[in-house]
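Worksheet: the structure to be examined is printed underneath.
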Amino acid sequence: MRLNLCFAAVFLLAFFPPILSQAQSPRVDDRVSVAPTDWPWWRGTLRNGTAESNQEVMTVFGESENVRWKSDVPGRGYGSPTIVGNRVFLATADETERSQSLNCFDRSNGKLLWKTVVHPTGGMMKNNKSTLASSTPACDGERVFINFPNSDSLVASALDLDGKILWQTKISDYVIHQGYGASPAIYQDLVIVSADNKGGGAIAGLKRSNGEIVWRRDRPRLPNYPTPTILNVAGKDQVLMVGCNQVVSYDPLTGQTNWETDGATEECVTSTVTDGKLVFSSGGY
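Counted the way the working numbering counts, the sequence shown spans residues 185 to 469.
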């Protein structure tokens, strides 16, 4: 039986000129309509868990203190809320019907504006500590993107801001192990989706406008859970994937491999980070 230990690894990208003195995130493309006060995707606009705006951060909360509104959430899900403009997006699921949905709330008062059932049945989950909706939506200001494991496939979907499904694209077959938790990542005209699983997964770049697969790369036949992380390392925008006993850097526009190395562990859930010169990754099993 393998020990459930936590390992960390640091990788120096010696073959890229270390021109950055501090960490940088890829610039948000002009074609993505988000504001400093938005939180449009996993880990925020800068993809590092740091907010850009100068809003005052509340540190004390109570039943009514610093609480503007409360709303019931239909269903169950472990994804984070995404905020763009006056809309809050959240993925949830009905575990009895095995349906998977995207919900939109009014940011100012918490009113449920719409709920769209993306998949009416077929949701996949194995570990009871997981959910059928553990992915965080991503929004480019015009569309909302969400990933769901459904009917033995990993499917990426795009909806407009009124909840209409615009397109759905199968990334790969999907063999459930514990669950699925990777979120879509937006880069320029693409949305990047990963589908690591023990049946043989993939990572793909899709056109945000119509879901067409621009590039797709096979991944190892191993279970794995992290979101593709888009970072600027040594002056180069890269998609980092950790897990499956390796750390791999892909070109976000073509999917070509920049570099890869042994590292981290087989099953990972964490997001890779950088200080601009080094890449830091960790895993737990």
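Beta carbons: idealized from backbone N, C-alpha and C, even for Gly.
(request) Verify whether the separation of the beta carbon atoms of Asn416 and Cys452 is less than 8 Å. (result) As a first step, residue 416 must be located in the sequence shown, where it is residue number 232. As a first step, residue 452 must be located in the sequence shown, where it is residue number 268. The answer is no: Cβ separation not under 8 Å.
(message) To the nearest angstrom, how far is the alpha carbon of Pro436 from that of Leu462?
(response) Within the sequence shown, the letter at position 252 stands for residue 436. Within the sequence shown, the letter at position 278 stands for residue 462. Between Pro436 and Leu462, the C-alpha separation is close to 18 Å.
(request) Evaluate Val194 with the Cβ neighbour count: other Cβ atoms within 10 Å of its Cβ, from every protein chain shown; 16 or more gives buried, anything less gives exposed. (result) What you label residue 194 is simply residue 10 of the sequence shown in a count that begins at 1. With a pLDDT of 41 at Val194, under the threshold of 50, the predicted position of this residue should be treated as unreliable, though the coordinate-derived value follows. That one is exposed.
(request) Could you give the DSSP three-state label for Thr315: helix, strand or coil? (result) Indexing the sequence shown from 1 puts residue 315 at position 131. Coil.
(message) Nearest by alpha-carbon distance to Asp373: which of Thr445, Asp459, Asn394 is it?
(response) For the purposes of this step, residue 373 is taken as residue 189 along the sequence shown, with counting starting at 1. For the residues Thr445, Asp459, Asn394, the minimum Cα distance to Asp373 belongs to Asn394.
(message) Comparing C-alpha positions only, which one of Gly294, Gly228, Asn381, Val426 sits nearest to Ser356?
(response) Locating residue 356 in the sequence shown gives position 172, where the first residue counts as 1. Here the closest residue by C-alpha is Asn381.
(message) Nearest by alpha-carbon distance to Leu230: which of Thr413, Ile330, Ala388 is it?
(response) Counting from 1 along the sequence shown, the entry for residue 230 is found at position 46. Out of Thr413, Ile330, Ala388, Thr413 has the C-alpha closest to the C-alpha of Leu230.
(request) Could you tell me whether the Cβ atoms of Asn331 and Met308 are closer together than 8 Å? (result) Translated into the one-based positions of the sequence shown, residue 331 becomes position 147. Translated into the one-based positions of the sequence shown, residue 308 becomes position 124. No, the Cβ-Cβ distance between Asn331 and Met308 is not below 8 Å.
(request) Would you kindly work out how many angstroms separate the C-alpha atoms of Gly325 and Leu406, rounded to a whole number? (result) Within the sequence shown, numbered from 1, the residue matching residue 325 stands at position 141. Within the sequence shown, numbered from 1, the residue matching residue 406 stands at position 222. Approximately 34 Å, taken between the alpha carbons.
(message) Less than 6 Å between C-beta atoms, sequence neighbours within five positions excluded: which residues of the same chain meet that for Gly384?
(response) Within the sequence shown, residue 384 is the residue found at index 200, counting from 1. Correct list, in chain order: Arg405.
(request) Pick out the complete beta strand (DSSP E) segments inside the stretch 383-436, 3 residues or longer, and give them in chain order. (result) 386-391, 397-402, 413-417, 420-427, 430-434
(request) Please confirm whether Arg260 and Thr300 have their CB atoms less than 8 Å apart. (result) For the purposes of this step, residue 260 is taken as the residue at position 76 of the sequence shown. For the purposes of this step, residue 300 is taken as the residue at position 116 of the sequence shown. Against a cut-off of 8 Å, the Cβ pair of Thr300 and Arg260 comes out as no contact.
(request) Assign Trp223 to one of three DSSP states: helix, strand, or coil. (result) On the sequence shown, residue 223 is found 39 positions in, with the first residue counted as 1. In the structure shown, Trp223 sits in a strand (DSSP, three-state: E or B).
(request) Report yes if the CB atom of Thr456 is closer than 8 Å to the CB atom of Gly468, and no otherwise. (result) Taking the first residue of the sequence shown as position 1, residue 456 is located at position 272. Taking the first residue of the sequence shown as position 1, residue 468 is located at position 284. Not a contact, by the Cβ cut-off of 8 Å.
(request) On a CA-only basis, which of Cys288, Glu281, Ala317, Lys313 is nearest Thr305? Give me that one, please. (result) Looking up residue 305 in the sequence shown gives position 121. The candidate whose alpha carbon is nearest that of Thr305 is Glu281.
(request) Pick out whichever of Ser237, Asp256, Trp399, Phe273 has its Cα sitting closest to the Cα of Asp344. (result) Here residue 344 is taken as the residue at index 160 of the sequence shown, counted from 1. Asp344 has its Cα closest to that of Phe273, out of Ser237, Asp256, Trp399, Phe273.
(message) Quick test of your reading: Thr320 and Gly263, contact by CB under 8 Å. State the CB separation rounded to the nearest angstrom.
(response) For the purposes of this step, residue 320 is taken as residue 136 along the sequence shown, with counting starting at 1. For the purposes of this step, residue 263 is taken as residue 79 along the sequence shown, with counting starting at 1. That belief holds up - the Cβ atoms of Thr320 and Gly263 are roughly 4 Å apart, short of 8 Å.
(request) Mind listing, in chain order, the continuous beta strand (DSSP E) runs of no fewer than 3 residues lying wholly within the stretch 283-328? (result) 283-290, 296-303
(message) Only counting the same chain, and skipping five residues up and downstream in sequence, which positions put a Cβ closer than 7 Å to that of Pro202?
(response) By one-based count along the sequence shown, residue 202 stands at place 18. Low local confidence applies: a pLDDT of 35 at Pro202 is under 50, so the model's placement there is unreliable, with the coordinate-based value given in what follows. Answer for Pro202: Ala418, Lys461, listed in chain order.
(request) Return the CA-CA distance between Gln430 and Thr438, expressed in angstroms with no decimal places. (result) Translated into positions along the sequence shown, residue 430 becomes position 246. Translated into positions along the sequence shown, residue 438 becomes position 254. C-alpha separation (whole angstroms): 20 Å.
(request) Inspect the beta-carbon positions of Arg403 and Ala386 and report whether they are closer than 8 Å. (result) For the purposes of this step, residue 403 is taken as the residue at position 219 of the sequence shown. For the purposes of this step, residue 386 is taken as the residue at position 202 of the sequence shown. Result yes, Cβ atoms of Arg403 and Ala386 sit closer than 8 Å.
(request) Return the chain-ordered list of same chain residues with a C-beta closer than 8 Å to the C-beta of Asp346, the five sequence neighbours on each side being excluded. (result) Residue 346 sits at position 162 when you count from the first residue of the sequence shown. Cβ within range, chain order: Trp298.
(message) Only counting the same chain, and skipping five residues up and downstream in sequence, which positions put a Cβ closer than 6 Å to that of Leu338?
(response) As a first step, residue 338 is located in the sequence shown; it is residue number 154 there, counting from the start. So the qualifying residues of the chain are Ile355, Ser356, Tyr358, Ala379.
(message) By DSSP's criteria, Ala340 is part of a beta bridge. Which residues make up the other side?
(response) Translated into the one-based positions of the sequence shown, residue 340 becomes position 156. Ala340 pairs with Asn331, Thr353.
(message) I need the DSSP call for Gly467, collapsed to helix, strand or coil.
(response) If you number the sequence shown from 1, residue 467 lands on position 283. Strand at Gly467.
(request) Evaluate Gln284 with the Cβ neighbour count: other Cβ atoms within 10 Å of its Cβ, from every protein chain shown; 16 or more gives buried, anything less gives exposed. (result) By 1-based counting over the sequence shown, the position of residue 284 is 100. By the neighbour-count rule (16 or more Cβ atoms within 10 Å), Gln284 is buried.
(request) Could you tell me which residues DSSP pairs with Leu274 in its beta bridges? (result) For the purposes of this step, residue 274 is identified with residue 90 of the sequence shown, where counting begins at 1. Paired residue(s): Asn287.
(request) State the beta-bridge partners of Ile267 as determined by DSSP. (result) Taking the first residue of the sequence shown as position 1, residue 267 is located at position 83. Beta-bridge pairing links Ile267 to Trp223, Val272.
(request) With a threshold of 16 other CB atoms inside 10 Å of the CB of Thr458, please say whether the residue is buried or exposed. (result) Counting from 1 along the sequence shown, the entry for residue 458 is found at position 274. Label assigned to Thr458: buried.
(request) Might you give, ordered along the chain, the residues of its own chain that have their beta carbon closer than 8 Å to the beta carbon of Gly233, omitting 5 neighbours on each side? (result) Position 49 of the sequence shown, counted from the first residue, corresponds to residue 233. Excluding residues within five positions, the ones whose Cβ falls inside 8 Å are Arg227.
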